[in-house]
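Residue numbers for the sequence shown, in mature numbering (1 follows the signal peptide of the UniProt record, and there is no 0): -22 to -1, 1 to 332. Just so it is clear, CB atoms sit at the ideal spot from N, CA and C, and this is done for glycine as well. Let me begin by presenting the structure, written as structure tokens, before commenting on it.
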Amino acid sequence: MKKILASVIVAAILISMAFSLSGCGEEQVVLNVFNWGEYIDESLLDEFEKQTGIKINYKTYDTNETMLAKLEAGGSSYDVVFPSDYAVSEMIRKDMLLPLDFENIPNYKYVDERLKNLEYDPENKYSVPYFWGTIGILYNKNMVDDPVDTWDILWNPKYAGQILMKKDVRDAMGASLKRLGYSMNSTNDEELKQAQQALLEQKKIVTGYYGDEIKDMIANGDAAMGLTYSGDFMDLYWDESADFSHIGFGIPKEGTNLWFDCMVIPKSCKHKKEAEMFINFMLDPEISYQNSIAVGYTSPNVEALNRIRQEMPEVFELPAFWPDDSILENSDVYVDLGDYKSVYNQLWTEVLVD
């Protein structure tokens, strides 16, 4: 009887330990991923979980400044975040990132060599490209009868009450600076003041300042045009649920912002190897292809691009997907503004609250 009782007790202990260890394992492998809104094919998160058993806790933000403030405030632990170029360089300067172990990211070999060793991370020590593109003017062809090839159209009183602006300090100030013939990275006080004054004058004819809503508002005819990202046009272009042939995208001849969004691992990371597994997963050619088609932005993955070129060569004729070299020559990649970041923020705040 004692042997039977002892066996029962041992079995119960083993079962209890098994449940305990199982629960512990699940708690240890949860990746906190912080990305822009509407910026990933979320079915890929399920696929990653299925392939690896690693759970994803996925959160979104609307601007680089929101993301940076969240990380600098502390209290939140993120394993992978998706900053833009200038934010990457700021995070490097502030010692906010962990260097990547590329032994755990073999799919990095598929990244276009032209997109490596860029100014925001010259040694490619901290970041991996995720998407790239431009900012420009998304417009409804049924509501706009002028050429959309200059920043001036966003200041045209003919379209008063039909213009949307991006609620983003770098994009709004950058467009205003470029319109005036200045660099989008200007640190000249007089140039910045002129750009702010132009935005204050424009505010009289602007419907409002928005984020991801711009794409849908223009597609639905709620506004004629808006400052937004190239991928917003491509997202509509590839949307098979409706006909969006009435939507166009113009890149101003004065030049624009050539941007890069990246995957990085902040120092708050608790699961670095698993974070690198996630980055490697997103760089897989098949995954990169699916993500680019779903989200609309141009992939840095040469194999994914080759497949798109084979299946849909016509998209390489679209400036939103593959901008002309002459445009890119006049465009600026945002850089870290250092102390001038606060100047930009103050000028932008004055525009919004005026």
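Note that the C-beta distance between aspartate 314 and glycine 228 is not below 7 Å. In this structure tyrosine 207 touches glycine 111 by the C-beta definition: roughly 6 Å separates them, less than 8 Å.
Under the three-state reduction of DSSP, valine 89 is assigned to strand. Annotated three-state conformation of leucine 205 is strand, per DSSP. For proline 291, the number of other beta carbons within 10 angstroms of its own is below 16, and it is reported as exposed.
About 7 Å separates the beta carbon of isoleucine 225 from that of phenylalanine 211, a gap short enough to meet the 8 Å contact definition.
Contact annotation, leucine 23 with tyrosine 39: C-beta distance approximately 16 Å; criterion of less than 8 Å not satisfied.
Taking the Cα of lysine 28 as reference, the smallest distance to any Cα among Phe256, Tyr267, Tyr318 and Asn166 is reached at Phe256. About 20 Å separates the CB atoms of alanine 282 and proline 297; that is not less than 8 Å, and the two are not in contact.
Counting C-beta pairs closer than 8 Å gives three or more between the region 239 to 250 and the region 44 to 60, which meets the contact rule.
In the three-state scheme derived from DSSP, where H, G and I count as helix and E and B as strand, lysine 33 is classed as strand.
Pairing glycine 186 with leucine 116 gives a Cβ-Cβ distance that is not under 7 Å. According to the DSSP assignment, valine 242 belongs to the beta strand (DSSP E) that extends over 236 to 242. In summary, arginine 148 is buried, with 16 or more beta-carbon neighbours lying within 10 Å of its beta-carbon over all protein chains present.
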